[in-house]
Amino acid sequence: MKLQQTRECPAAAPETTDEMPFSSDTPGDTGSTLLSFFRERLRCACADLIGGILYYSGIIQLVVWIRRKVLKRGRLLIIVYHRVTRPCRGVADISISPQNFIEHLGYLLRRYRILSIDECLNYVHTRTYPERDSVLITLDDGYEDNYTNAFPELQKWGLPAAIFLTGDHIGKEQMLKEEQIREMAGHNITFGAHTMTHPLLSALDTVDIRREVWNAKTTIEKIINKPVRSFAYPFGSEGHFDRRAVAAVAHSGFNCAFTTIKDDVTVEHSLFELPRKVIADFSMPAFSAKIEGVFDVMYTLRRALHRAHTTVRR
Ligand SMILES: [Zn+2]
-10 MKLQQTRECP
0 AAAPETTDEM
10 PFSSDTPGDT
20 GSTLLSFFRE
30 RLRCACADLI
40 GGILYYSGII
50 QLVVWIRRKV
60 LKRGRLLIIV
70 YHRVTRPCRG
80 VADISISPQN
90 FIEHLGYLLR
100 RYRILSIDEC
110 LNYVHTRTYP
120 ERDSVLITLD
130 DGYEDNYTNA
140 FPELQKWGLP
150 AAIFLTGDHI
160 GKEQMLKEEQ
170 IREMAGHNIT
180 FGAHTMTHPL
190 LSALDTVDIR
200 REVWNAKTTI
210 EKIINKPVRS
220 FAYPFGSEGH
230 FDRRAVAAVA
240 HSGFNCAFTT
250 IKDDVTVEHS
260 LFELPRKVIA
270 DFSMPAFSAK
280 IEGVFDVMYT
290 LRRALHRAHT
300 TVRR
């Protein structure tokens, strides 16, 4: 898990990329070395190759069909991107190329109903599921390329999305500017808070957690001149936030909070610990394998085989 800041983008520290069936068990070091850049590109190339085989052989479509028959309802899914720009050294693990982003939107438009954050929350509130498979698109950290590269594509199709801003980073180099935030807020983009400085919340004392949460909310509200009701935990996996962080968010006037714990949203989920799937720079077939859960199944099988192998060797 990478917790330190990247060199190319000093304003924000990245979240993790997701696991894949052929990736290492440990996420490794920072994305700032040439070696880690090539490792990330190799990881995505492998995903593209395997995703292509799964997609064009019809396996993914079969999985979708079987799941639909078993569940007898639609899925509720939340995905998260970070940067929408050509992956480069230092930020390869949190970037997706604009071309792949467009292809992802094309897949989602064909397969899913794309929800606003309020529509998504309504299902959780009412403990119901959508008829059709449905997805909420989110972007974390507030990079300027969200405005230059993602926003035009979202607008072209009239798609809603939610962007979570880190308060102290607004206006800095490579990050969203206040006027860009205001423009997007008027065009189907919901803004949420992502703390003030993007800390590891579980490592802070309670007073600092509350300050990070509350100050981010008021900072963004001043910019968009409307209430900020949603929050995303920095890094967002288990161990990166704790009960104190959940309580601070719940008591600061937010009505939901998002993690990066990968799962479908179910009626059992708390509004303050909603799962999201982190999306890497995958081609459309690999993206489909990821969000349809095929990579997750492969990853689980790989880990089970590894555990069984370790047990036998003992
Ligand atoms: Zn973040």
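Taken in order, the sequence shown gives residues -10 to 303; the numbers are from this note's numbering. Quick reminder that beta carbons are idealized off the backbone N, C-alpha and C, glycines included.
The DSSP-derived three-state label of residue 279 is helix. Nearest Cα to residue 248 within the set 260, 177, 265 and 123: 265. In this chain, the beta strand (DSSP E) harbouring residue 69 covers 65 to 70. Pairing residue 88 with residue 133 gives a Cβ-Cβ distance that is not under 7 Å.
When the beta-carbon positions are compared, residue 198 and residue 232 stay at least 7 Å from each other.
At the C-beta level, residue 93 and residue 83 stay beyond 7 Å of one another.
In this structure, the CA atom of residue 47 is about 15 Å from the CA atom of residue 96.
Beta-bridge annotation (DSSP): residue 263 is paired with 247. Counting the other CB atoms within 10 Å of its CB gives residue 211 a total below 16, which places it among the exposed residues.
Taking the Cβ of residue 76 as the reference point, every heavy atom of ligand 1 lies at 6 Å or farther away. Here the alpha carbon of residue 107 sits roughly 32 Å from the alpha carbon of residue 33. When the five nearest sequence neighbours on each side are left out, the beta carbons in the same chain lying within less than 8 Å of the beta carbon of residue 185 are those of 155, 156, 157, 200, 201, 204, 205 and 208, in order along the chain. Distances between the C-beta of residue 129 and the heavy atoms of ligand 1 include at least one below 6 Å.
At least one heavy atom of ligand 1 sits closer than 6 Å to the Cβ of residue 223. If you draw a straight line from the Cα of residue 52 to the Cα of residue 283, it comes to about 8 Å. If you draw a straight line from the Cα of residue 268 to the Cα of residue 42, it is about 19 Å long. Nearest Cα to residue 259 within the set 274, 62 and 238: 238. CA-CA distance, residue 190 to residue 229, rounds to 6 Å. C-alpha of residue 298 to C-alpha of residue 289: approximately 14 Å in a straight line. Beta-bridge annotation (DSSP): residue 164 is paired with 132. In the DSSP annotation of this structure, residue 41 is not part of any beta strand (DSSP E); the continuous alpha helix (DSSP H) holding it starts and ends at 23 to 45. Spanning the alpha carbons of residue 300 and residue 278 requires a straight line of approximately 30 Å. Residue 236 holds the alpha-carbon nearest to the alpha-carbon of residue 261 among 236, 40, 144 and 136.
Short of 8 Å from the beta carbon of residue 138, and not among the five residues preceding or following it, lie these beta carbons of its own chain, in chain order: 73, 74, 87 and 90.
Secondary structure note for residue 205: its alpha helix (DSSP H) is the uninterrupted segment 195 to 213. Look at residue 125 here: in three-state DSSP terms it is strand. Residue environment analysis places residue 58 among the exposed positions, since fewer than 16 neighbouring C-beta atoms fall within 10 angstroms of its C-beta. For residue 98, the enclosing alpha helix (DSSP H) stretches over residues 87 to 100. Assignment of residue 227 by DSSP, reduced to helix, strand and coil, places it in the strand class. Here residue 220 is not near residue 192, since their CB atoms are 7 Å or more apart.
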